[in-house]
Amino acid sequence: MEHVEKLVAIFLNASDFVAFIWGPMKLALMVATTWTDAIRQLIDAYEEIAEALGNLAFFHNLIQSRDHLKLVLEDYFSDILRFHRCVLDVFSRPEWKRVFKWAWGSFRREVKPILESLKRKQALLSDDKLQSHAILKEVQDSDQYAQEQFSNLQISLEDIRSTLASQHLQSKTIQAQEMKTYLESRLDVSKSWSDLQLETRDPIVENSGNWIFSNPTFKCWEVGKSVENKVLFLNGSPGSGKSTLAKTIIHHEKRKQVFESSGRSFLAYFFFKHDAADRRTARSMLQHLIMQLVNADETIMGLAYERLSTMESTELADLKKLASDCFTSRPTATLVLDGLDEAIDNEHEVSIAWCLNELLPVANACSCNLRILICGQRDGRLDVLLSSHPQIRLDMVDAHQHDIEHFTKGKVAEIHARFLLTQQEEDALVSKISSASQGSYNTTDYG
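Numbering (our numbering), first residue to last: 801 to 1247.
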């Protein structure tokens, strides 16, 4: 390792740009040295790259004068950077040793076309006359041949990239679909009902609920720096718009993910429903959460597939363990549970106990920044279980009351159009309904 470190240090000092090529290699090797199996496999992978770069030295002197060779070198650098990105995706996961087997399997599939690309470039540059031209520029009879070959390199490189990308995508898609089909059947989940619930439009005024993002309690939870702010209880009376707020927050988190580095965070959610028999239990919640994480991460798909395919039956404890391991395999994760008061029997206790006593401790041990948002009624059950955690009471938030007033004005305007109310009557009706709402939109369809 010392020899590699000295060698890499030389390259790091050569140029600011070269650091992007050799720096990640040094970092990955330093992390991997803590586990013998990992360092061996990583060195083997880098050895494959070294072999593919072997004949590039022949063209050292020609690179600066030949534009076509500069493009070739640029293509080499692009492949190596893509390779590094795949490597860092493996070793930047919290507790990477725990999921190394599946992450490394995903890595090998991702880098296969990269290594093939390097090998094909090596084959293109292995032509005897090209190498003779590079070594002996004065050999005139090779000059024309070399010019023609160099001019064709870019076309060949583009063809290589296109062909390999197509083959890789096709193979990867087929394999992923087979695993996904099995997991959907095993977990009894097809298209996520939670996704369908998220897509359902609410009849509440658009942009209502945006006040939540400037609420101090919510902002502390969103940052999630301290242990005390990892869990937030958002509560209100029936019809208060809790589900609407949950959806607003989920959409907000999805937009944030677009601007984050790929593979750095997880977002999963579940909506409990009292009128849906398969949406009222902790088991159903775990099944849907696992499937969402599987769809978001190929490594997690491999982990879940291997775990479940080796089990004859799936106990609740197995699902809890699998969900915890999946959730905490990325540096940050967000879990949103809505309507927990609608869970059947004591399933709300089982769900909260898993969140607080199993998932959170695993996340802390893995250095995973996990945040949990629980939405529900203060029904004498949830508020007791979550009494030690920060909460937002919708009936005590002025901005939420303003949303209700705005919504009420729209509804009263509809009545005005039908019954020709005077402005005074309309204002009085808005005031009466809003003041009596107690933080509720006054219809369970909006809760």
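All C-beta atoms in this analysis are idealised placements derived from N, C-alpha and C, irrespective of residue type, glycine included.
Would you grab the beta carbon distance between Thr1255 and Cys1166 for me? Rounded to a whole angstrom, and I think it's under 8 Å.
-> Residue coverage of the chain in this structure runs from 801 to 1247, which leaves residue 1255 outside it and unanswerable.
Rounded separation between His1088 and Asp1118 - CA only = Cα-Cα distance, rounded: 14 Å.
Proximity below 8 Å, CB of Asp1138 to CB of Leu1182 = The answer is no: Cβ separation not under 8 Å.
When the Cβ atoms of the segment 1197-1205 are set against those of the segment 1160-1174, are three or more pairs found closer than 8 Å?
-> As far as the Cβ criterion goes, the segment 1197-1205 does not touch the segment 1160-1174, which means the pair count is below three.
So, is Ile880 buried or exposed, given that buried needs 16 or more other C-beta atoms within 10 angstroms?
-> Buried.
Kindly examine the ligand COA and report whether one of its heavy atoms sits closer than 7 Å to the Cβ of Ser1187.
-> Although the ligand COA was asked about, the structure shown includes no ligands whatsoever.
CA-to-CA distance, Gln1177 to Trp904, given in whole angstroms | Their Cα atoms are separated by approximately 44 Å.
According to the Cβ coordinates, are Cys1020 and Pro1131 closer than 8 Å?
-> No.
Got a sec? Which residues, its chain only, sit under 7 Å from Val899 by beta carbon, not counting five neighbours each side?
-> Taking Val899 as the centre and dropping the five residues before and after it, the same chain places the C-beta of Arg893, Thr1099, Leu1103, Ser1129 closer than 7 Å to its C-beta, in chain order.
Taking all protein chains shown into account, decide if His1091 is buried (16 or more other Cβ within 10 angstroms of its Cβ) or exposed.
-> Sequence inspection shows Met at residue 1091; the His mentioned does not correspond to that position. Buried.
Mapping DSSP to helix, strand and coil, what is Gln1177?
-> Assignment of Gln1177 by DSSP, reduced to helix, strand and coil, places it in the coil class.
Go to Asn1010, then tell me how far its alpha helix (DSSP H) extends in each direction, as first and last residue.
-> Following the DSSP letters along the chain, one finds Asn1010 in no alpha helix (DSSP H), marked with neither H nor E.
With distances taken from CA atoms, which of Lys1042, Ser1062, His1148, Lys912 is nearest Gly1009?
-> Of the candidates Lys1042, Ser1062, His1148, Lys912, Lys1042 places its Cα closest to the Cα of Gly1009.
Please check the pair Leu1194 and Asn1035, which I expect to be a contact at CB under 8 Å, by giving their CB distance rounded to whole angstroms.
-> For a cut-off of 8 Å, the C-beta gap from Leu1194 to Asn1035 is around 7 Å, short enough to register as a contact.
Take the Cβ of Met1085 as the centre, count every other Cβ of all protein chains shown within 10 Å, and call the residue buried at 16 or more, exposed below.
-> Flag for Met1085 reads buried.
Uninterrupted beta strand (DSSP E) stretches inside the segment 1145-1189 (no shorter than 3 residues) | Taking only runs of at least 3 residues, the beta strand (DSSP E) segments lying wholly in the segment 1145-1189 are 1169-1176.
Could you spell out where the alpha helix (DSSP H) holding Ala850 opens and where it closes?
-> Residues 836-852.
When the Cα atoms are used, what is the spatial distance from Thr973 to Met979?
-> Near 10 Å, if we compare the C-alpha coordinates of Met979 and Thr973.
Out of curiosity, what's the CA-to-CA distance linking Val989 and Leu983?
-> One Cα belongs to Val989, the other to Leu983, and the distance between them is close to 8 Å.
Would you kindly check if the distance between the Cβ of Val911 and the Cβ of Phe877 is under 8 Å?
-> Cβ distance not < 8 Å, so Phe877 and Val911 don't count as in contact.
Does the beta-carbon of Lys1120 have 16 or more other beta-carbons within 10 angstroms, so that it is buried, or is it exposed?
-> When all chains shown are included, Lys1120 counts as buried.
Ser1037 versus Glu1028: straight-line alpha-carbon distance, rounded | Annotation: Ser1037 to Glu1028 spans about 25 Å, alpha carbon to alpha carbon.
Look at the alpha carbon of Ser1113 and the alpha carbon of Leu987, and state the distance between them as a whole number of angstroms.
-> Put simply, the backbone Cα of Ser1113 is about 11 Å away from that of Leu987.
Is it right to say Pro913 is buried, meaning 16 or more other beta carbons lie within 10 angstroms of its own, or is it exposed?
-> Buried is the call here.
When the distance is taken between beta carbons, is Ile1050 closer than 8 Å to Ile1012?
-> Result no, Cβ atoms of Ile1012 and Ile1050 do not sit closer than 8 Å.
Using only alpha-carbon positions, find the residue among Ala1046, Ser906, Val1184, Thr836 that is nearest to Asp889.
-> Among Ala1046, Ser906, Val1184, Thr836, the Cα nearest to that of Asp889 is on Ser906.
Ala1082 vs Ser1151 beta-carbon contact at 8 Å | In this structure, Ser1151 lies closer than 8 Å to Ala1082 by Cβ.
Tell whether a beta-carbon distance below 8 Å holds between Lys1073 and Arg1079.
-> In contact: Lys1073 and Arg1079 (Cβ atoms closer than 8 Å).
Would you identify the three-state DSSP class for Asn1095, choosing helix, strand or coil?
-> Note: Asn1095 maps to helix in three-state DSSP.
Residues near Gln1057 in its chain [Cβ-Cβ closer than 8 Å; skip 5 each side] = Around Gln1057: Ser1065, Leu1067.
Kindly indicate the opening and closing residues of the beta strand (DSSP E) around Ser1065.
-> From DSSP, the beta strand (DSSP E) with Ser1065 extends over 1065-1071.
Status (buried if at least 16 other CB within 10 Å, exposed otherwise) for Val1094 | Val1094 comes out buried.
Mind checking Ser1124: buried by the 16 CB within 10 Å criterion, or exposed?
-> Here Ser1124 is buried, its C-beta having at least 16 other C-beta atoms within 10 Å.
Which residues share a DSSP beta bridge with Thr1134?
-> Note: Thr1134 sits in a beta bridge opposite Leu1067, Arg1171.
Classify Phe877 as helix, strand or coil using the three-state DSSP reduction.
-> Correct three-state label for Phe877: helix.
Report the option in Arg1107, Val1136, Gln975 whose CA atom is closest to the CA atom of Glu1053.
-> Selected option, being the one with the closest Cα: Val1136.
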